[in-house]
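If you're matching them up, the sequences are chains A and B in order.
For the first sequence, UniProt numbering assigns the number 1 to the initial residue and increments by one for each residue that follows.
For the second sequence, UniProt numbering assigns the number 1 to the initial residue and increments by one for each residue that follows.
The C-beta atom is built at its ideal place from N, Cα and C for all residues, glycine as well.
Protein chains: 2
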Amino acid sequence: MSYRAPIQDIRFNLRHLADLQGVLALPGFEELSEDLVDAVLDENARFVEQAIAPLNRSGDTAPATWSDGKVTTSPGFKEAFEAFAQGGWQGLQHDVEWGGQGLPKLVGAPASENINAANLAFSLCPLLTDGVIEALTAVGSKAQQSLFIPPMLEGRWTGTMNLTEPQAGSDLAQVATKAVPRGEGVYGLFGQKIFITYGEHDMAENIVHLVLARTPDAPKGVKGISLFIVPKFLVDADGSLGERNDVVCASLEHKLGIHGSPTAVLMYGSNGGEGATGYLVGEENRGLEYMFIMMNAARYAVGVQGVALSERALQQATAYANERVQGQALEGSAGPVTIAHHPDVQRMLLTMRGLTEGARALAYVAAAACDKSRRHPDPAEQERNKALYEYLVPVVKGFSTEASVEVASLGVQVHGGMGFIEETGAAQYYRDARILPIYEGTTAIQANDFVGRKILRNGGQVARHLAAEMRATVSELQAAASASTDHSDGLALIGRRLDAAVTAYEQATEFALKNSQASLPAVFLGSVPYLMLAGVVHAGWQLARAALVCSQPSVQQQAPEFCRQKLATSVFYAAHILPRAQACAQGITEGVVANRYAATTIGI
Amino acid sequence: MSYRAPIQDIRFNLRHLADLQGVLALPGFEELSEDLVDAVLDENARFVEQAIAPLNRSGDTAPATWSDGKVTTSPGFKEAFEAFAQGGWQGLQHDVEWGGQGLPKLVGAPASENINAANLAFSLCPLLTDGVIEALTAVGSKAQQSLFIPPMLEGRWTGTMNLTEPQAGSDLAQVATKAVPRGEGVYGLFGQKIFITYGEHDMAENIVHLVLARTPDAPKGVKGISLFIVPKFLVDADGSLGERNDVVCASLEHKLGIHGSPTAVLMYGSNGGEGATGYLVGEENRGLEYMFIMMNAARYAVGVQGVALSERALQQATAYANERVQGQALEGSAGPVTIAHHPDVQRMLLTMRGLTEGARALAYVAAAACDKSRRHPDPAEQERNKALYEYLVPVVKGFSTEASVEVASLGVQVHGGMGFIEETGAAQYYRDARILPIYEGTTAIQANDFVGRKILRNGGQVARHLAAEMRATVSELQAAASASTDHSDGLALIGRRLDAAVTAYEQATEFALKNSQASLPAVFLGSVPYLMLAGVVHAGWQLARAALVCSQPSVQQQAPEFCRQKLATSVFYAAHILPRAQACAQGITEGVVANRYAATTIGI
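Here's what the structure looks like:
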């Protein structure tokens, strides 16, 4: 089925939860208005619904093909990418200096969500290109920026990230690709990279590979990695294309999902010459640091992919449940009803909606923090928002993507037997979603980052601050429940459950802080549950804030149906999903004993 | 990778948890011994490892094909099925009267688990045939039994269940296939059936379709459905094959998983004649009742498939984790280690093991109850075990299959990026598992059965009895913790968590009983969480019982490594999985408010 951008929920989130007004008031965004943002998002919706979404299923059934080093993408992808570039969508969040639109991340995030929901496999090409632009903007030389960024913004060239090698998956210390200096910042690269998304394709004239490699005298481990630009075609000083570089696509992977996205094995310097020509970015041995700029942006973007995939699966399941007639209602008049009337179908749809809308709200709140961290006039506010954004990136990435697997799986289940038939489409989301908790750092990697850098390193300060803010929302909920005539029970329920979930969050945080010295493995045995706990609580907090807004008579009058839905989603989430926080905390806080036993199982 | 039957865990479960001795003492099983059971299971392991497991991946990549009504199964399947039949495996649990081995379900269950773990898609053929044999044994005429059962036991013929029609999925009241009487118990059938597993194939000489259809004057709804035998080839009185019946395979489905299993659309009576020849089973209009005999056996069997799929995914993930070297250990000496050393990989593997081994123990305990319900000399014990088995069937089906989806998903995650590559094999389990919570009654259908028939109908009596038994185990754990020197902390943890989980189980039960009159939808909004709660608690109870056994010095001396593993699994399950029971209960008990809000979302 076709995709409809969830414009109403997006706008609600931007305005009421993610402080769009505050972001638009930041220096540099003076010329923007809410109306302009609306217009951009409307156009975005129109474009992705018409040009991108229809290629989702066909990209799945007709994947990109490889022949003699050349890759032909799925039918229609090349034309869609051209339209994407002409619409200016690649430049949405990038600097006007190089031809971008310079819009806030808070506007870029929903636009990106829609593109990804329309077609996850297609959207990976712009997603990776975004990362390359972001990295070069931050650490490239002026010459590199002016040579490589504008063609990427125009969609004539695309970009890739080359980290993984067969022997080194998540462990970048093992990167072995060699970079032999030829002088003047030029190097010859030799090695093999795997899992390179859109590493070869026919949608653009050139491909800008950002490659991690080691120079001959580099120190071992992650401190000896440098970053190089390796274009598919060499580029003359005037930007015109020169000869083909010695980087070859040896094969494409046969994957579980995202079939429309070609995943390449790339060979660098395999032609027996002086290697693939690469240009050093920044300084030698600082490659990992630079790559992290790109990776943080990409991790956030993959979190948004999780929201997007969830939304798509939710839309299809909701439509099916309201169309498929089967069985009798438990109560009321006899006769067949749509399956949306059955309580368990409601449970599944509300679980899907709660996870989707909660993850969306959290992602947008994070985007606003990113914008403020860059542009807020008050340095203290910049600092506070920077800490918040960095804290939220692994949560958004880890929680939204794990949630998307659950949502897509429920989407299959809502369809019953039809869900298992490929033509229905629900199975594709289940397959596509499965990559999201893996690439750009597995959930475990996100959890390591979360516990190590975002909790322990600052002594739990950010977490304690958030707990206090969430408690304030609990108080608001209690007050609103007392004052409300229509929604007293619902608001009270949300307040009660959020309160308990915040307690769980505090318990997990205190456990991590207390045991980080004595038993780090005991802490890390619960690091993913802790990350999931944080996601569950923070998403639930945003849904609680949404419920407060939607219980206001003035808001209800404007959008009664929307408010009814949001309240139902928020109440359901509080009842059925927030309690997972306590379940996680109970596991985490048994970490010392559980770890002692778990350690005995290694090697079997 | 290849499959190894988990013989040690199977034996442990049979002896220490599922009362093998008690089952072997039942009337009719006098000639069996533990040694004989061991020999059967050893031979079963050898057979499935060598003959069935190697076809798992090839069946996935080379599915059955359809051409002009004929179906050719995946390479090797026909020969494997012949070997299966010659080994006598089809007759394992069936009556000696017709040529079966007459073994207890408690022996049949692990044998069936191994066959399914070796190759889920292959095993569906014997699984459905089992159901047909069981149904005809129970309700077929002597003539039907002697004509149709022996060839199925010999593997010359196979069987299918034909329930689903396009307009009627789970709702059998909508079945519309017509059966026009021709006299003397013979009918002409007209209609279309979908999702018919092994509805057409080339592995046997004939196929015995059991078909639900309506006679011309039948009442509406489920009380007007009759059951018919419709053989692919008509059968003469001496059992020789006659002409081809008018049942045609119109197409095969293109599915997410179990590619090796042909899923057929069957047309009955489409050749313009007097319909497909069918023979009435039992009496008219009692078809649903008869089909339930088959369905209960099939539901239990699908629950065992969940265990099997989980075991297979677990074995592959464990092997990979102990082979793949990546990253440094958190503590101890520097240098690369296998990923099994990383705490989060331990968490994933222990979650997989806990769910797999807990579900296995529960399934075997249910099998023993089934055997005792049929053969126990004391009628009161028969009755008690019958109630227990009937209570456990939806739990085994619902919990084991939902767990298998989680286990298979974790199995992909353990492999990181490699898990998303089809050649690795982990992705196949993720795809295959997804059908298990759907076919033979979705999880929601199991939950309806559980809450409606197994809780409310007996006033919660079975549940209260189980709660009391579980509390007794809690007391044993507390006593054992006080007495133990080595495992005091682990046993105490298990006791503490089991106690809390039993409380949650009681809360959910009381909520269902209390609200079944006033607000049935509020109860059914939480019916699947309640079923999952029951599964989590009962599986955890079995793992707690296993921990008690494994903490005994006499048992430890005999199998120290096994005991260490089982204790670690049980402790981990208690810490990280049992708390889900409380999370479920919290959602369930908010049902009244949550349902009031949920009901407002229908139709959007």
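Against chain B, the beta carbon of lysine 255 (chain A) has neighbours under 9 Å at Phe420, Ile421, Glu422 and Ala427, listed in chain order.
Listed along the chain, the chain B residues whose CB falls inside 7 Å of the CB of phenylalanine 524 (chain A) are Leu330, Pro343 and Asp344. Under a 10 Å Cβ-count criterion, arginine 545 (chain B) is classified as buried, with 16 or more other Cβ atoms of the shown protein chains found around its own Cβ. In the three-state reduction of the DSSP assignment, phenylalanine 29 (chain B) falls in the coil class. Going by beta carbons, threonine 73 (chain A) and alanine 64 (chain A) fall inside the 8 Å limit. Of A:Val528, A:Leu256 and A:Gly260, the smallest CA-CA separation from glutamine 428 (chain B) is found for A:Leu256. A straight-line Cα-Cα distance of about 8 Å links threonine 601 (chain B) and arginine 564 (chain A). Burial state of aspartate 130 (chain B) is buried, judged by a 10 Å Cβ sphere holding 16 or more other Cβ atoms. Among the residues of the UniProt domain "Acyl-CoA oxidase/dehydrogenase middle" (161-264) of chain B, those with a Cβ less than 9 Å away from any Cβ of chain A are Thr164, Gln167, Ala168, Gly169, Ser170, Asp171, Ala173, Gln174, Ile194, Phe195, Glu253, His254, Lys255, Leu256, Gly257, Ile258 and Thr263, in the order of the chain. Counting only unbroken stretches of 3 or more residues, the beta strand (DSSP E) elements lying wholly within the stretch 104-171 of chain A are 157-162, in sequence order. Distance check between glutamine 86 (chain A) and each of A:Asp95, A:Gly99 and A:Pro75 places A:Gly99 closest, using alpha-carbon atoms only. In this structure, alanine 213 (chain A) keeps its C-beta atom at 8 Å or more from the C-beta atom of threonine 158 (chain A). By the neighbour-count criterion, in which a residue is buried when 16 or more other Cβ atoms sit within 10 angstroms of its Cβ, glutamate 283 (chain B) is exposed.
Assignment of beta-bridge partners to arginine 4 (chain B) by DSSP yields no partner. For methionine 267 (chain A), the enclosing beta strand (DSSP E) starts and ends at 263-268. Contact of isoleucine 7 (chain B) with chain A is not assigned, every C-beta pair being separated by 8 Å or more. Within the same chain, Val502, Tyr505, Glu506 and Thr509 come within 8 Å of alanine 467 (chain B) by CB-CB distance, once the 5 residues on both sides are set aside. For alanine 179 (chain A), the three-state secondary structure derived from DSSP is strand. In chain order, Arg564, Gln565, Leu567 and Ala568 make up the part of chain A whose C-beta sits under 9 Å from the C-beta of threonine 600 (chain B). Across the set A:Ser409, A:Leu436 and A:Glu440, the C-alpha of A:Ser409 shows the shortest separation from the C-alpha of glycine 425 (chain A).
Distances from the CA of glutamine 461 (chain A) to each of A:Ala472, A:Leu436, A:Tyr391 and A:Leu172 were compared; the closest alpha carbon is that of A:Tyr391. For valine 571 (chain A), the chain B residues whose Cβ falls inside 7 Å of its Cβ are Val593, Ala594 and Tyr597, in order along the chain. Contact annotation: valine 414 (chain B) and methionine 348 (chain B) have beta-carbon atoms nearer than 8 Å. Exclusion of the five residues before and after threonine 164 (chain B) leaves Ile194 and Phe195 as the residues of its chain whose Cβ lies within less than 6 Å of its Cβ.
The alpha carbon of lysine 372 (chain A) has as its nearest neighbour, out of A:Ala25, A:Phe420 and A:Leu210, the alpha carbon of A:Ala25.
Nearest to glycine 526 (chain A) by C-alpha distance, out of A:Ala574, A:Thr443 and A:Gly495, is A:Thr443. Considering only beta carbons, the part of the stretch 432-443 of chain B lying closer than 9 Å to chain A consists of Arg434, Ile435, Pro437, Ile438, Tyr439, Thr442 and Thr443, in chain order.
Taking histidine 538 (chain A) as reference, the option from A:Tyr573, A:Gly419 and A:Lys566 with the minimal CA-CA separation is A:Tyr573. With 16 or more other Cβ atoms inside 10 Å of its own Cβ, serine 551 (chain B) counts as buried. Chain-ordered, the chain B residues with CB closer than 8 Å to the CB of proline 521 (chain A) read Leu330, Glu331 and Pro343. The C-beta of aspartate 489 (chain A) comes closer than 8 Å to at least one C-beta of chain B. Residues are counted here when their Cβ sits less than 9 Å from a Cβ of chain B; for the stretch 369-396 of chain A the count is zero. For valine 451 (chain A), the closest Cβ of chain B is not nearer than 8 Å.
DSSP, read as helix, strand or coil, puts serine 251 (chain A) in strand. Scanning the stretch 525-556 of chain A from its first residue to its last, the whole alpha helix (DSSP H) runs of 4-plus residues come out as 527-550. The C-alpha of valine 593 (chain A) lies about 13 Å from the C-alpha of proline 343 (chain B).
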